[in-house]
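Participant:
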Amino acid sequence: MTTGGYRICEKDRQNIQSKHLCPICSNVLKTTIQTECGHRYCLGCLEEEFNKHDDEIECKFCKETFNRGQIFRDESADHEIQNLTLYCVYFDYGCKWRGELRHRQNHQKTCKCIPLTCVNNGCYQQLTKETLAQHLERDCFYRQEKCLYCEQLVTFNKIREHENVCPCYLVTCELCEKVFPREQLSKHSNPNGKDIICEKLLVLCPFTALGCSESKFNHKECQVHQSENMQQHLNLLLNKFQDFLPSIEDLLSVNQNCRKSKGSLVWQSIYEQTLSEVGALIDEKIRSYMKSKGLLDWQSISEQTLSEVRALIDVKIRSFEKKITYIIGRMDELHQALEKINRQVKILCSHSEPYLAHSKLQEQKPQHMCVPDVLPLQEDQQERYMIRAQHQGNNTDHKFLLNEAHATIAELRQELRKTNVKLEKAEEVIRKTNLAVADLEEQLNSVAVNSHNGILVWKVDQMARRHADATSGRQVSFYSPPFYTDPHGYKMCARIYLNGDGMGKGNHISLFSVIMRGEYDPLLKWPFRQKVTMMLLDQDNEEHVIDAFRPDPSSSSFQKPRGAMNIASGCQMFCPHSELQRHAYIRDDVMFIKIIVDRSAAYDGHSNEG
Numbered sequence: 030m031t032t033g034g035y036r037i038c039e040k041d042r043q044n045i046q047s048k049h050l051c052p053i054c055s056n057v058l059k060t061t062i063q064t065e066c067g068h069r070y071c072l073g074c075l076e077e078e079f080n081k082h083d084d085e086i087e088c089k090f091c092k093e094t095f096n097r098g099q100i101f102r103d104e105s106a107d108h109e110i111q112n113l114t115l116y117c118v119y120f121d122y123g124c125k126w127r128g129e130l131r132h133r134q135n136h137q138k139t140c141k142c143i144p145l146t147c148v149n150n151g152c153y154q155q156l157t158k159e160t161l162a163q164h165l166e167r168d169c170f171y172r173q174e175k176c177l178y179c180e181q182l183v184t185f186n187k188i189r190e191h192e193n194v195c196p197c198y199l200v201t202c203e204l205c206e207k208v209f210p211r212e213q214l215s216k217h218s219n220p221n222g223k224d225i226i227c228e229k230l231l232v233l234c235p236f237t238a239l240g241c242s243e244s245k246f247n248h249k250e251c252q253v254h255q256s257e258n259m260q261q262h263l264n265l266l267l268n269k270f271q272d273f274l275p276s277i278e279d280l281l282s283v284n285q286n287c288r289k290s291k292g293s294l295v296w297q298s299i300y301e302q303t304l305s306e307v308g309a310l311i312d313e314k315i316r317s318y319m320k321s322k323g324l325l326d327w328q329s330i331s332e333q334t335l336s337e338v339r340a341l342i343d344v345k346i347r348s349f350e351k352k353i354t355y356i357i358g359r360m361d362e363l364h365q366a367l368e369k370i371n372r373q374v375k376i377l378c379s380h381s382e383p384y385l386a387h388s389k390l391q392e393q394k395p396q397h398m399c400v401p402d403v404l405p406l407q408e409d410q411q412e413r414y415m416i417r418a419q420h421q422g423n424n425t426d427h428k429f430l431l432n433e434a435h436a437t438i439a440e441l442r443q444e445l446r447k448t449n450v451k452l453e454k455a456e457e458v459i460r461k462t463n464l465a466v467a468d469l470e471e472q473l474n475s476v477a478v479n480s481h482n483g484i485l486v487w488k489v490d491q492m493a494r495r496h497a498d499a500t501s502g503r504q505v506s507f508y509s510p511p512f513y514t515d516p517h518g519y520k521m522c523a524r525i526y527l528n529g530d531g532m533g534k535g536n537h538i539s540l541f542s543v544i545m546r547g548e549y550d551p552l553l554k555w556p557f558r559q560k561v562t563m564m565l566l567d568q569d570n571e572e573h574v575i576d577a578f579r580p581d582p583s584s585s586s587f588q589k590p591r592g593a594m595n596i597a598s599g600c601q602m603f604c605p606h607s608e609l610q611r612h613a614y615i616r617d618d619v620m621f622i623k624i625i626v627d628r629s630a631a632y633d634g635h636s637n638e639g
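Residues 30 to 639 (my numbering) are what the sequence shown spells out, left to right.
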């Protein structure tokens, strides 16, 4: 059984008679009970009191005691109470209903002002049925919203914090002022990256380490520098290679000696040196240990001391075994490296051998004799030419290296051409994607109708990104959601160029209104003649930007639309860019546009078209 009486609002409590109120719960009597002393209580309240006080309680008015057998139902009082005229119990929450108490329960089933607590985690705001939906969808700071950049769900009041770390948030390069997703900015600023490199990033010539003396320059200048100084760079590369030739010859000599002796002398030397180091360290440890123990000779060493010394020796031996294993591994690696260098030198020698032979024979033969390009050589001649090639073959080395360099450059140019083709395809895909996105936005806007009273309040968000898109030419304009002048009136929308159009391009915002094809066009007067007022709202409500115009009936912009929409009409120089920072036209990356259409004489029940 429900305990307590009927709840009432504070406005009713000031006017209601005390005889209709329960002294226990202070609410209007419910299922009235009268005592022998003549006072009234709610049945539920008395039941609670009896349970607390063993079926005998004291009257709240006269202090007489009574039990369950001394009370009775007062139905006449119930009838009187049901006829009381009261406000809705949620009057303080905005409900204006007023009527007899008997009808109030049915009203409360559908009352739109019942207080509810927001269901979002962290929000404890009290709302009504009527305002809860709007609060959950638009007003609650704890609602979940998709990040506009990465589409991750984020609590609304933490969106700004998320945008500070969002990998897809658009940021501007400080050097070239181009806009990129945050995750691409590091690649954009990396001079060694494979992606698009910042054109204004200062880089060093790749041949600086080889002796190129040029200072820092941007990426494009670096490409020009490399193209114009190709011969100089090849000479630097060749000089560096020639510096390495003596070292290569020494390594080859060592390699051949090692192979002849099968490495026995090398390994024996390493082994003997290692044993010598081990022995010296062991002796040093023993002497140090004996000195620390105060022992003068071997005879005074105890068994325990000997075991400790042996343990030290075992530890050092295991340590040197690891070092020897490591040295053997390194020697194997060096041997493989020497073999590789040996093969490369043989290739160089084989390339230079025919040219050296040809040069030698040309010196010995008369000028009128015809000598083949390559002649078979005797074994002793080959040895002589090999020696000469190693010491005097610089010209051949130059020619060989230049050929190799030209081949490498040709391969790089081929790769560059392929990369340029891929880049052009990627740019085309991006362009088509941007167009598709713009079309989708336009279609979405056409579906979402804002109002039917001739007034559009358009919230333009993401101003920084949109202005960057307009400046770069990625998306120079976009449309507002449509609105109607009346429930069955003209269908219209607004169009904005954030970087200007026509005479305002580059230094103004251009704003236009557009007549769209609507469902009720056959019933309306044509051409459209209503005055249109366009406003950029100052969010401090101090100085709005306002412009208004009356349509030119002869203009095609105001005739009955034959396509999806007519040509836009409005103001190319609506607001200078310089004014945007002087007032609160943009705040939190949001701007508000308001369009007001004069609704007089827009609908007369028939079309006036002939």
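Cβ atoms here follow ideal geometry from the backbone N, Cα and C, with glycine treated the same way. Fair warning: this is a prediction, and the values are worked out from it, not measured in the lab.
Taking Gln163 as part of the alpha helix (DSSP H), name the residues at either end of that continuous run.
Facilitator: Walking along the sequence shown from the start, residue 163 turns up at place 134. Element bounds for Gln163: Lys158 to Gln163.
Participant: Please return the same chain residues whose Cβ sits closer than 6 Å to the Cβ of Ser55, not counting the five positions on each side in sequence.
Facilitator: Stepping through the sequence shown from its first residue, residue 55 is reached at position 26. None.
Participant: If we ignore side chains and look at the alpha-carbon of each, how far apart do Glu206 and Tyr178 end up?
Facilitator: Here residue 206 refers to the residue found at position 177 when the sequence shown is read from its first residue. Here residue 178 refers to the residue found at position 149 when the sequence shown is read from its first residue. If I take the Cα positions, the gap works out to 19 Å.
Participant: With 16 other CB atoms within 10 Å as the buried threshold, where does Asp530 fall?
Facilitator: Here residue 530 is taken as the residue at index 501 of the sequence shown, counted from 1. Buried is the call here.
Participant: What distance in whole Å lies between the Cβ atoms of His537 and Met602, which are believed to be in contact at a cut-off of 8 Å?
Facilitator: Position 573 of the sequence shown, counted from the first residue, corresponds to residue 602. Position 508 of the sequence shown, counted from the first residue, corresponds to residue 537. The pair is a contact, with the Cβ atoms about 5 Å apart (cut-off 8 Å).
Participant: Would you kindly report the start and end of the unbroken alpha helix (DSSP H) that includes Met594?
Facilitator: Position 565 of the sequence shown, counted from the start, is the residue given in the question as residue 594. No alpha helix (DSSP H) contains Met594, which DSSP labels as neither H nor E.
Participant: Out of Glu212, Pro210, Tyr614 and Met545, which has the shortest C-alpha to C-alpha gap to Arg591?
Facilitator: Taking the first residue of the sequence shown as 1, we reach residue 591 at position 562. Cα-wise, what sits closest to Arg591 is Met545.
Participant: For Glu93, which residues of its own chain have a beta-carbon under 6 Å away from its beta-carbon, when the five flanking residues on both sides are left out?
Facilitator: Against the sequence shown, residue 93 aligns to sequence position 64. Cβ neighbours of Glu93 beyond the five flanking positions: Cys66.
Participant: Run through DSSP, which three-state label would Cys74 get?
Facilitator: In the sequence shown, counting from the first residue as 1, residue 74 sits at position 45. It is helical.
Participant: As a quick exercise: from Lys623, Arg211 and Asp515, pick the residue whose alpha carbon is nearest that of Gly547.
Facilitator: Against the sequence shown, residue 547 aligns to sequence position 518. Nearest of Lys623, Arg211 and Asp515 to Gly547, Cα basis: Asp515.
Participant: Flag this pair as touching only if the region 603–611 and the region 573–587 have three or more C-beta atom pairs under 8 Å; answer yes or no.
Facilitator: Counting Cβ pairs under 8 Å, three or more are found: they touch.
Participant: For His68, which of helix, strand or coil comes out of DSSP?
Facilitator: For the purposes of this step, residue 68 is taken as the residue at position 39 of the sequence shown. Coil.
Participant: Pick from Glu180, Phe185 and Gln181: whose alpha carbon is nearest that of Cys169?
Facilitator: The residue given as residue 169 occupies position 140 in the sequence shown. Considering only alpha carbons, the answer is Phe185.
Participant: Spatial neighbours of Leu640 within its chain, please: C-beta separation below 7 Å, excluding the five flanking residues on both sides.
Facilitator: Summary: the structure shown does not reach residue 640, with the chain confined to residues 30 through 639, and so no result is reported for it.
Participant: Tell me whether Arg494 sits in a helix, a strand or coil according to DSSP, three-state version.
Facilitator: Within the sequence shown, the letter at position 465 stands for residue 494. Arg494: helix per DSSP, three-state reduction.
Participant: Could you tell me whether the region 46–61 touches the region 73–80, using the rule of 3 or more Cβ pairs below 8 Å?
Facilitator: The region 46–61 is in contact with the region 73–80.
Participant: Just the C-alpha distance for Asp103 and Leu156, rounded to the nearest angstrom, thanks.
Facilitator: If you number the sequence shown from 1, residue 103 lands on position 74. If you number the sequence shown from 1, residue 156 lands on position 127. Those two C-alpha atoms are separated by around 38 Å.
Participant: From Glu109 to Ser480, what distance separates their C-alpha atoms?
Facilitator: In the sequence shown, the residue the question calls residue 109 occupies position 80. In the sequence shown, the residue the question calls residue 480 occupies position 451. Looking at the two C-alpha atoms, the distance is approximately 49 Å.
Participant: Where does Arg172 sit, in a helix, a strand or coil, going by DSSP?
Facilitator: The sequence position of residue 172 within the sequence shown is 143, counting from 1. Coil, per DSSP.
Participant: Around the Cβ of Lys520, are there at least 16 other Cβ atoms within 10 angstroms (buried) or fewer (exposed)?
Facilitator: Residue numbering aside, residue 520 sits at position 491 when the sequence shown is read from its first letter. Per the 10 Å Cβ criterion, buried.
Participant: Just to confirm before moving on: does the CB-CB distance between Phe120 and Cys197 stay below 8 Å?
Facilitator: Residue 120 sits at position 91 when you count from the first residue of the sequence shown. Residue 197 sits at position 168 when you count from the first residue of the sequence shown. No, they are not a contact pair.
Participant: Could you spell out the range, first to last residue, of the alpha helix (DSSP H) harbouring Leu214?
Facilitator: Position 185 of the sequence shown, counting from 1, holds the residue named residue 214. Unbroken alpha helix (DSSP H) run through Leu214: Arg211 to His217.
Participant: Give the straight-line distance between the Cα atoms of Gly151 and Lys447, rounded to the nearest whole angstrom.
Facilitator: Numbered from its first residue, the sequence shown carries residue 151 at position 122. Numbered from its first residue, the sequence shown carries residue 447 at position 418. Spanning the two alpha carbons is a distance of roughly 55 Å.
Participant: Please report the Cβ distance between Ser509 and Leu527, rounded to the nearest whole angstrom; I am assuming they are in contact, meaning their Cβ atoms lie under 8 Å.
Facilitator: As a position in the sequence shown, residue 509 is number 480, starting the count at 1. As a position in the sequence shown, residue 527 is number 498, starting the count at 1. About 13 Å separates the two Cβ atoms, so there is no contact after all.
Participant: Using 10 angstroms around the beta-carbon of Glu257, count the other beta-carbons present and answer buried if the total reaches 16, otherwise exposed.
Facilitator: By 1-based counting over the sequence shown, the position of residue 257 is 228. Exposed is the call here.
Participant: Which residues mark the beginning and the end of the beta strand (DSSP E) in which Ser539 is found?
Facilitator: Within the sequence shown, numbered from 1, the residue matching residue 539 stands at position 510. His537 to Met545 is the extent of the beta strand (DSSP E) around Ser539.
Participant: With the cut-off set at 8 Å, would you say Leu204 and Lys229 are in Cβ contact?
Facilitator: Translated into positions along the sequence shown, residue 204 becomes position 175. Translated into positions along the sequence shown, residue 229 becomes position 200. Yes; because the gap between Cβ atoms is below 8 Å, this pair is in contact.
Participant: What are the start and end residues of the beta strand (DSSP E) that includes Lys520?
Facilitator: If you number the sequence shown from 1, residue 520 lands on position 491. Here the beta strand (DSSP E) through Lys520 covers Lys520 to Tyr526.
Participant: Could you pull out every residue in the same chain whose Cβ sits closer than 8 Å to the Cβ of Leu335, ignoring the five residues on either side in sequence?
Facilitator: Start at 1 with the first residue of the sequence shown, and residue 335 comes out as number 306. Note that Leu335 scores 48 on pLDDT, short of 50, meaning its location in the model is unreliable; the coordinates nonetheless yield the value given after this. Closer than 8 Å at the Cβ level, and outside the excluded window around Leu335, lies no residue.
Participant: Determine the extent of the beta strand (DSSP E) in which Arg102 is found, giving its start and end residues.
Facilitator: Numbered from 1 along the sequence shown, position 73 holds the residue referred to as residue 102. Note, Arg102: beta strand (DSSP E), Ile100 to Arg102.
Participant: Do you know whose CA, among Gln154, Asn193 and Val232, lies nearest Gln252's CA?
Facilitator: As a position in the sequence shown, residue 252 is number 223, starting the count at 1. Cα-wise, what sits closest to Gln252 is Val232.
Participant: By how many angstroms is the C-alpha of Leu566 removed from the C-alpha of Asp617?
Facilitator: Numbered from its first residue, the sequence shown carries residue 617 at position 588. Numbered from its first residue, the sequence shown carries residue 566 at position 537. Cα-Cα distance, rounded: 14 Å.
Participant: Give me, in chain order, the residues of the same chain whose beta-carbon lies closer than 6 Å to that of Trp126; leave out the 5 immediate sequence neighbours on both sides.
Facilitator: If you number the sequence shown from 1, residue 126 lands on position 97. Result list for Trp126: Cys117 and His136, in chain order.
Participant: In angstroms with no decimal places, state the Cα-to-Cα distance between Lys451 and Cys195.
Facilitator: Here residue 451 refers to the residue found at position 422 when the sequence shown is read from its first residue. Here residue 195 refers to the residue found at position 166 when the sequence shown is read from its first residue. If I take the Cα positions, the gap works out to 28 Å.
Participant: Which runs of the beta strand (DSSP E) spanning at least 3 residues fall entirely within the region 545–578, listed in chain order?
Facilitator: If we require 3 residues or more, the beta strand (DSSP E) runs fully inside the region 545–578 come out as 561–565 and 574–578.
Participant: How long is the line joining the alpha carbons of Gly518 and Phe512, rounded to whole angstroms?
Facilitator: By 1-based counting over the sequence shown, the position of residue 518 is 489. By 1-based counting over the sequence shown, the position of residue 512 is 483. The straight-line gap from Cα to Cα measures roughly 9 Å.
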